[in-house]
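Student: Chains as they are written, first to last, in the working numbering: chain H, 758 to 1098; chain A, 758 to 1098; chain V, 758 to 1098; chain L, 758 to 1098. Yeah, the Cβ is synthetic: ideal placement off N, Cα and C, and Gly gets one too. Here the structure is a predicted model, which means the values were calculated and not measured.
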């Protein structure tokens, strides 16, 4: 059955498989201490325009969020996030499990606003009782957000300004970063992100890898003994090559951006299709996730031919569903979808 | 200076001091294994009308919340609370520090509603992704709330019904329980609480003890090896007698309720005084905490003569402040306050 | 350079790569909810002769130890292990990080004895103060151990008897299980392990997979909401297929055992070679890890031609080193080593 | 029945009760922000000869150990302690519960040796795999130890030297510090401890207070937002006055040392008595805890008349028991004991 359910339905880009095959019997040191990891890190630093960056590879998104947040925060600090932020909702309490509160602020199609952030922090420090409360120590944003939306460069800079004024780190979750960078409606480059954020990750799992996220610390701010802390979280991969080879491939010949572009192109076609067929959008998303308000009976019919994500109830007769394109979406997929719709 | 800042400004009720003195040189076993603890527990069980209850003494309120929540929840569960609940706001992240998320629902003058709770839980289980989210395992309410308000018996029963339908424990934080029980506007008795809730605590610190909270498990549901778990949280008092003797005294000759009544009587006078002097109430509180909206200039004048709690900004020109009576408030205190106001 | 440093120097067995390639564009559900995971689980249950088993896939060994121990123990319980057990030494405190103490007992070439275990537990419960101590809730053994040694079936049964008498789970870390099962000096089968242990894992990372460990709960004792708990530890792989396909391949046509056998055959040759060349063994290991006492000067010469693991100082002039064969070791590797030695 | 079971069998020194009474109706700020806490801190700093010290009051010993260790260590660090150290044995895993491993080294009548410590740390850093292990970040010693023994000043300095060479904090658990300082066989003063250690605590609970331990940070090394972190551990006392008044009393007119001296004098008499009656000592203790090897039948007889602590089995026919004197032990107690023995 045709699936637009998410962007991690397929395996990995063929070039990754090819490289894994080619390098399979090289004997390499474990735990990321191999030349593919080294090469991948160098390529990422170059792509970021940030020679002083420090890059580490982890396996998955929730793991990355948990480790970055837990190792960068002091025990008495929490992380500020949108109410709809992934860390606030769909990580099974992984952040709290590591001892930190997620401090929620309002969201607008998945994004936070610098003014709300400022107001939150000023109120916190203005409260005579703030020593009895959780200190805001970091701000978490996702880009694209869980709703496919994107920050503008100015918005990122405004948020960063508040962060730095109040000594909070700015952390950007780039699980779908490739799709954000390739959007036609963005003025934010990878270099911008490296310059503005204190730490972010470049998502592999959802952009063509079997698994893997590349964490980038941009300001000489890697937590002490980070490898030991990764191990302590059960997240240190013995065969680090699996991550190194994947990212080395993704950052060779701009593959990462090309994969992003494919998803975006397919999403543009998808959007036209949806409009054409008279469906209503829940919000305007410039990336690979599209949210549609659909009549419940129609949704059930659709479910017979195509897989999509149930998002939330809209009203008694309508539901919001998500259709996602990806690095692997083909024109044939869209043709079939067109028929079905 | 006159203080209405809170209900823990003084030491302990003189009868407690007297009893501490009288028993001082008795040689008693440590860790709560003494006859004063035994006697106090028996008296509390009787007052609760709950012979099968299991009573444990802890030192403070945040400690009690942290231990009860952490020992009763499974690791994948969180605790549902009002946005203004003490565990959600003023405990420095103690709940998250022990690994559990506080799941916030709307509040109405500090109280939650059974219908909101039901809606929250139904949405949770209705979400196809709920295994990626924090399970609601317990409901936390405070009575009186942080705003001095009280649940009616029917409200408690409605909340308990939802709890039990969805296999959540109902936990009542009774830091100021004495003031709630003594209110003239309550139909909730200690026996009702013991019957309706799965676990609750009877606050000592704010109702006449130097320190101490009595946790009551009402449904044969004490966590396994609870003493060991208390110790593991660093909360096992070597000289358990200090807690046993205080609660034994508080539950002799209805002292606990009498202390509650004093605070309520004084609060009634305080309310008349406030009305008389033309101040505006932020909300109607039937217990010992009274919240007043005061013009900022007037607040500064007042602060020269009397201590109160800053609560929050009301608007640019007004502030909400809290005045609290207690077991120790005297008529003279109120006379002085009347002059000042 | 030739490497006998460890058993995870290469990528994955070619059949795994082949299968990943072949299935690459199938659109599959995430989080292990795909038919390759289902198939792999069925094959593992069959190989274990344990239809009631419950199988889950995780990414790495420390992660698996951390999650199994943390989710099966009560908060007041610790895990008993040999002083040299992996959880006691080389996991960066991952077990303590999740809140549990590792309770160390004596080891004999990496193994524990049922009599020591009994004595430990009896002393614990005999101590009047045991409620102030950490309860032994689980016993951790590795098979093969960190020293390549193996338990006999009788030894496992004796340990299990003590475990069950004192209500402790028996957990077997099978990071190198394939090499243990294939040893010529073992009477322990996979079915024995499934019958005797409460939980164990079948190591993939060190036996031919890129990554992956298969946890087997054998007694209807999977922790509640285990998927949620995996997610909470940051260990839930989005593309669960990566693990399912690997284990499905390893458990097709006995590949897992065949890989084990290759390492054992090569280890037998290695042992002959070592004896022949007059080196001394630190201990007698029936599996793929061989420990040699080597004169320091000789060690430095050797290091120029072949990679091995430094284990520990033996005396001022000698060092213990480890040479490991694996699923990927070839006759050519051994020929080259023979020349070097 | 006569009790020599421990040093916390009685309430508090009468002067403490007197002061609690006298100050009972003063209206004081909560959470330690009152003038008795301020005064007590000043007196302690003076007694320590350490004006730059930072003093905080906590309620109990395990709580203090847990908080000091957890707030001073980085997540990847553990605390080195004697195998018999209180944190390693009788704290129900409170240290591990807060995420940190206790790294055990050999003990000699409860004490550790600088040479063992050095050897442990050197081996750690010499191990090529140390990034996969728990970093030693702090050294925990108790003075007096759990066996009543004392370090000499030179021994403390030797341990401190190793600590500082390897960037570990030296933490001294002074649960019974008063009895150590008052011993006739010590050359260690409170000033020495303040000079040599990075952090230590002055035990109140076991030396005449109802509860309370005074933590002293001596090197401008108080953990950030320590009050918030105390609160987060559930350990912030609302009526901080209870601790302030007790320590203010203990550090007025040398009361703390006087209480220590009483216990020591009584212990000297006790030791003579024991020798006289022909009992054998398990070890030579210069403080208030005395360990005796007693024939099992004799022990049972003794248990009819006097309470003591079972320590451990000595052999099949003998047991080690502990008799402790305290600030409250009287000549009459010893006379009665003489009769019984």
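For the segment 956-980 of chain A, enumerate the residues whose C-beta is nearer than 7 Å to any C-beta of chain H, in chain order.
Tutor: Cβ contacts with chain H come from no residue of the segment 956-980 of chain A.
Student: Only counting the same chain, and skipping five residues up and downstream in sequence, which positions put a Cβ closer than 7 Å to that of residue 963 of chain H?
Tutor: Closer than 7 Å at the Cβ level, and outside the excluded window around residue 963 of chain H, lie 764, 765, 932 and 933.
Student: From this set, V:984, V:936 and V:1002, which residue's C-alpha is nearest residue 1084 of chain V's C-alpha?
Tutor: Checked all of V:984, V:936 and V:1002; the closest Cα to residue 1084 of chain V is V:936.
Student: Run down chain A in chain order and give the residues with a C-beta less than 8 Å from the C-beta of residue 888 of chain V.
Tutor: Going along chain A in sequence order, the residues near residue 888 of chain V (Cβ under 8 Å) are 982, 984, 985 and 988.
Student: Taking Cβ to Cβ, would you say residue 974 of chain A is nearer than 8 Å to residue 811 of chain A?
Tutor: The answer is yes: Cβ separation under 8 Å.
Student: In the DSSP assignment, find the alpha helix (DSSP H) that holds residue 829 of chain H and state where it starts and stops.
Tutor: Element bounds for residue 829 of chain H: 818-829.
Student: What are the boundary residues of the beta strand (DSSP E) that includes residue 927 of chain V?
Tutor: Unbroken beta strand (DSSP E) run through residue 927 of chain V: 926-931.
Student: If you draw a straight line from the alpha carbon of residue 967 of chain A to that of residue 858 of chain V, how long is it in whole angstroms?
Tutor: About 35 Å.
Student: Any beta carbon from chain H within less than 8 Å of residue 761 of chain A's own beta carbon?
Tutor: Residue 761 of chain A does not count as touching chain H.
Student: Between residue 1075 of chain H and chain A, is any beta-carbon pair separated by less than 8 Å?
Tutor: Chain A, which has no Cβ nearer than 8 Å to the Cβ of residue 1075 of chain H, makes this no.
Student: Just reading off the alpha helix (DSSP H) that residue 987 of chain V is part of, what are its end residues?
Tutor: Run containing residue 987 of chain V: 983-989, per the alpha helix (DSSP H) assignment.
Student: For the segment 767-781 of chain V, which residues have a beta carbon sitting closer than 8 Å to at least one beta carbon of chain H?
Tutor: Cβ contacts with chain H come from 767, 768, 769, 771, 774, 777, 778, 780 and 781.
Student: Is DSSP giving residue 814 of chain L helix, strand or coil here?
Tutor: In the structure shown, residue 814 of chain L sits in a strand (DSSP, three-state: E or B).
Student: Using a Cβ-Cβ cut-off of 8 Å, state whether residue 820 of chain A counts as contacting chain L.
Tutor: True, the Cβ-Cβ gap to chain L drops below 8 Å.
Student: For my contact list, residue 1094 of chain A and residue 830 of chain A are in at a C-beta cut-off of 8 Å; report their separation, rounded to the angstrom.
Tutor: That pair is no contact at about 43 Å.
Student: If you draw a straight line from the C-alpha of residue 925 of chain V to the C-alpha of residue 860 of chain V, how long is it?
Tutor: Straight-line Cα distance between these residues: approximately 13 Å.
Student: Closer than 8 Å, Cβ to Cβ, to anything on chain V: give me those residues from the segment 828-851 of chain H, in chain order.
Tutor: For the segment 828-851 of chain H, which is checked against every Cβ of chain V, the residues closer than 8 Å are 848, 849, 850 and 851.
Student: Do the CB positions of residue 930 of chain H and residue 822 of chain H come within less than 8 Å of each other?
Tutor: Yes, the pair counts as a contact, with Cβ atoms nearer than the cut-off.
Student: Can you give me the C-alpha to C-alpha distance between residue 972 of chain V and residue 961 of chain V, rounded to a whole angstrom?
Tutor: If I take the Cα positions, the gap works out to 11 Å.
Student: Let me check understanding here. Comparing Cα to Cα, which of V:903, V:762, V:862 and V:904 lies closest to residue 916 of chain V?
Tutor: Comparing Cα positions, the closest option is V:862.
Student: Kindly provide the ranges of any alpha helix (DSSP H) runs that are 4 or more residues long and lie completely inside the segment 875-957 of chain V, ordered along the chain.
Tutor: Complete alpha helix (DSSP H) runs here, min 4: 910-922, 934-938 and 947-953.
Student: What would DSSP say about residue 711 of chain V, mapped onto helix, strand or coil?
Tutor: Not covered by the structure: residue 711 of chain V. The range shown for chain V is 758 to 1098.
Student: With a cut-off of 8 Å, does the C-beta of residue 892 of chain A fall near any C-beta of chain V?
Tutor: Yes, its Cβ sits closer than 8 Å to a Cβ of chain V.
Student: Are residue 901 of chain V and residue 1044 of chain V close, meaning C-beta to C-beta below 8 Å?
Tutor: Yes, the pair counts as a contact, with Cβ atoms nearer than the cut-off.
Student: Three-state secondary structure (DSSP) at residue 1071 of chain L?
Tutor: Of the three classes helix, strand and coil, the one that applies to residue 1071 of chain L here is coil, per DSSP.
Student: Apart from the five residues just before and just after residue 797 of chain H, which ones in its own chain have a Cβ nearer than 7 Å to its Cβ?
Tutor: Within the same chain, residue 797 of chain H has close Cβ partners 1001, 1004, 1005 and 1008.
Student: With 7 Å as the C-beta to C-beta threshold (strictly closer), list the residues of the segment 1047-1069 of chain L near chain V in chain order.
Tutor: Flagged, chain order: 1067.
Student: Taking 8 Å as the CB-CB limit, is residue 823 of chain H close to chain V?
Tutor: Cβ-Cβ to chain V under 8 Å: yes for residue 823 of chain H.
Student: Considering only DSSP beta bridges, list what residue 868 of chain A is partnered with.
Tutor: Answer is A:865.
Student: Counting only C-beta atoms, is residue 1039 of chain H closer than 8 Å to chain A at any point?
Tutor: False, the Cβ-Cβ gap to chain A never drops below 8 Å.
Student: From the DSSP secondary-structure annotation, give me the bridge partner or partners of residue 1066 of chain V.
Tutor: Residue 1066 of chain V is bridged to V:1079.
Student: Measure the C-alpha to C-alpha separation of residue 870 of chain A and residue 786 of chain H and round it to an integer number of angstroms.
Tutor: Each residue's alpha carbon lies about 58 Å from the other.
Student: Residue 1069 of chain L to residue 922 of chain V, Cα distance in whole Å?
Tutor: Rounded to whole angstroms, residue 1069 of chain L to residue 922 of chain V spans 23 Å at the Cα level.
Student: Can you give me the start and stop residues for the alpha helix (DSSP H) that residue 1089 of chain L sits inside?
Tutor: Residues 1088-1097.
Student: For residue 858 of chain H, which residues in chain A fall below 7 Å Cβ to Cβ?
Tutor: The contacting residues are 850 and 853.
Student: For residue 928 of chain A and residue 1063 of chain A, which I take to be in contact (beta-carbon distance under 8 Å), what is that distance rounded to the nearest angstrom?
Tutor: With 8 Å as the limit, residue 928 of chain A and residue 1063 of chain A do not qualify as a contact, their Cβ atoms being about 35 Å apart.
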